[in-house]
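Student:
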Amino acid sequence: MSHFGRSGPPDISDTYSLLILNITFRTTADDLFPLFDKYGKVVDIFIPKDRRTGDSRGFAFVRYKYADEAQKAVDRLDGRVVDGREITVQFAKYGPNAERIHKGKVIEPVSRSRYRSRSRSPRRRHRDDYYRDRDYSKRSRSRSSDRYERDRYRGKDRDYRRRSRSRSASPDYSKGQGRGRYDDDRRSGSRSMSASPARRSPSPRKSLYPRKASYPRVESPDRRSRGRGSPSPRSVSPRGRLADSRSPSPRNSDVDE
DNA sequence: GTTGAGCGTT
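In this text, residue positions in the first sequence follow our numbering: the first is 1043, and each later residue adds one.
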């Protein structure tokens, strides 16, 4: 009774799909089944999970046998508090095969090109990356470093989530700006390397801080060390450190980037 | 251990 999703899509031709959003990450199909089954005949329940972690994504798909029951469930379960969280029940708009769905029911795969790319919902789908991974696999299948690739995927995955939200609506520009600026700089330098030398002049801030440009390299680290409260007894002997092949980069002491 | 707009698997 709880093998939903394991048998794959039974038949979406005579079933109405409902999209359940705002569910907890711990909510499973078994937990939603009794809830939705109470309002109608649930044919199948599917909850997308991460491919890597296998954790729930936070939304589920409930397929009803009849639209009236689905409608009832939407009206009754929409806004219901499940597991301490208010869930959002609504008819699915899209199908697994990019099919158009009306009221949760599949109307047709795709009407040739009548709607073209209608600006229905300009939301980004990170899921596409998954499919892309497959291609990558083929490309770099000669790689013998499995863990390396895995690590990379992990990093990307973690980023994909935060990025998608950050781009959507997030006043957190601390990171985005930094990255964006960096990117811009890179492009600028690459493009106007011999054309517009004055690109970084226009700064939003007229004058930030007349930091002393005459910062002795030898004094800079010393001062910071003491001011920081880190006496660094080992650093007391610069000679030893030098001899330690520490290789103190001759770059500016105060490096912003 | 964390998260929170959204649309799906054999």
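In this text, a Cβ means the ideal position worked out from N, Cα and C, and glycines have one as well.
(1) Please work out which residues of its chain come closer than 7 Å, Cβ to Cβ, to R1099, disregarding the five sequence neighbours upstream and downstream, and give them in chain order.
(2) Report the rounded CA-to-CA distance for R1105 versus R1068, giving the unit in angstroms.
(3) Three or more C-beta pairs closer than 8 Å, one from the region 1062 to 1080 and one from the region 1104 to 1124: is that the case here?
(4) Could you give the uninterrupted runs of the alpha helix (DSSP H) lying entirely in the region 1074 to 1137, keeping only those of 4 residues or more?
(5) Pull up the distance between the alpha-carbon of A1112 and that of G1096, whole angstroms please.
(6) Looking only at DSSP bridge pairs, what is I1062 linked to?
(7) Going by alpha carbons, who is nearest to E1128 out of I1065, L1060 and K1107?
(8) Suppose contacts are defined by Cβ-Cβ distances below 8 Å. Is R1118 in contact with Y1081 by that definition?
(9) L1077 and F1133: beta carbons closer than 8 Å?
(10) Quick one: is R1140 buried, meaning 16 or more other Cβ sit within 10 Å of its Cβ, or exposed?
(11) How is D1056 classed by DSSP in three states: helix, strand or coil?
(12) Using the C-alpha atoms, what's the distance from K1083 back to K1114?
Tutor: Inspection of the coordinates gives the following:
(1) P1090, K1091 and D1092
(2) Distance between the alpha carbons of R1105 and R1068 is about 20 Å.
(3) yes
(4) 1109 to 1119
(5) 28 Å
(6) A1102 and V1131
(7) I1065
(8) yes
(9) no
(10) The sequence given here places Ala at residue 1140; Arg does not occur at that position. With fewer than 16 other Cβ atoms within 10 Å, it is exposed.
(11) Looking at D1056 - three-state DSSP - the assignment turns out to be coil, as it is neither helix nor strand.
(12) 11 Å
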